[in-house]
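Trainee: All the letters of the sequence shown, read from the start, carry residue numbers 33 to 303 under my numbering.
My questions will all concern the structure given below.
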Amino acid sequence: MDRYRSASSRTAKLIRTGSPSNPLPQVFKGIALFTPGGDLVYCIDEQKQSRWHLHLCAALQEALGLSEPPHFLVPCYSATIDRWLDPHTQQLQTVAEACPFVLKYQSLLNALFGTDVVWQAIDRAKELCDPDLLIAYRQQFPQLWQDHDLVLRYEQSIVAPRNGIDPPQAVAIEPAAPQGYVFRLFVSGQSAATEQTLQHLHQMLENLLRQPYTLQLVDVHKHPDQAERDQVTATPTLLRAWPHPVRRIVGEFEDAHRILQILAAADGREA
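Next comes the structure, spelled out in structure tokens:
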């Protein structure tokens, strides 16, 4: 199946059914999480909270009957959009970014978020998206490589009709408790040292943690709001955002076993 035609056809279905059914807010943040097969779940939040990636994984788990939430999708099959009002010009500003694997769904993303923008590639995803590693999950999650024509809005589902059959009535999805770990690595700009640190941490977590996890890279120059929310004042900082309580390590990350003891601990002091 040609993926571009599939995305265009699905966009047409969405337009014909009038989705998204709820009016879009003027300013919001949104996230879309795709599967390798082309299904997706998304969220729109005018309050600009940043807590949905694991919830979207849980929604996919419920909708497709997966054995566990597919956290490995987050770095490689996600797209984010931020729309705000410039206080100086009073003009709407939009930043829309998508991982390289989902850039082909731009028309669908614009239909979902009510925009008409060119989505930019998230370069940092390349280091986390090893094709051989991703395909290794196919045996465990075969449903993710199938196309179910699923377009699911978090908190309210919108399923595109298939083969002329009307979709089931939309139902509310209760937020699920996140599972696994969420880490954020705060850096100051992109450099060879940043790439080396990211690669080192990724290998450490893969080899030693033995638990589902998401590792997000945050450039404090591009996302100062995230650094402020997480109270990050120096770089590099590695933050365990989930589970609570929050843990952080500032500085070098050479002692892998000590870092894992701190990040995986149930309680204790920050490093």
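Just so it is clear, CB atoms sit at the ideal spot from N, CA and C, and this is done for glycine as well.
Where does R185 land, buried or exposed, given buried means 16+ other C-beta within 10 angstroms?
Mentor: buried
Trainee: Where in the region 75-110 do unbroken runs of the alpha helix (DSSP H), each at least 4 residues long, occur, reported from the N-terminal end onward?
Mentor: Positions of the alpha helix (DSSP H) runs, each at least 4 residues long and wholly inside the region 75-110, are given as 85-96 in order along the chain.
Trainee: Using only the alpha-carbon positions, how far apart do P193 and T246 sit?
Mentor: Residue placement at P193 cannot be trusted, given a pLDDT of 40 that sits under 50; what the coordinates show is reported in the next sentence. C-alpha separation (whole angstroms): 32 Å.
Trainee: Between N142 and R272, what straight-line distance do the alpha-carbon atoms span, to the nearest angstrom?
Mentor: 32 Å
Trainee: Measuring alpha carbon to alpha carbon, tell me which of P277, L140, V250 ends up nearest A266.
Mentor: V250
Trainee: Look at Y109 and L65 and say whether their C-beta atoms are less than 8 Å apart.
Mentor: yes
Trainee: Hey, how far is the Cα of H103 from the Cα of L124?
Mentor: 32 Å
Trainee: If you follow the beta strand (DSSP E) that L295 is part of, which residue opens it and which one closes it?
Mentor: Element bounds for L295: not the beta strand (DSSP E) but the alpha helix (DSSP H), 288-296.
Trainee: Have a look at D262 and G283 and give me their C-alpha separation to the nearest angstrom.
Mentor: 16 Å
Trainee: Could you check the C-alpha separation between V264 and Q171 for me, to the nearest Å?
Mentor: 39 Å
Trainee: What is the DSSP secondary structure of F173, counted as helix, strand or coil?
Mentor: coil
Trainee: Measuring alpha carbon to alpha carbon, tell me which of H276, P277, L92, K61 ends up nearest V183.
Mentor: L92
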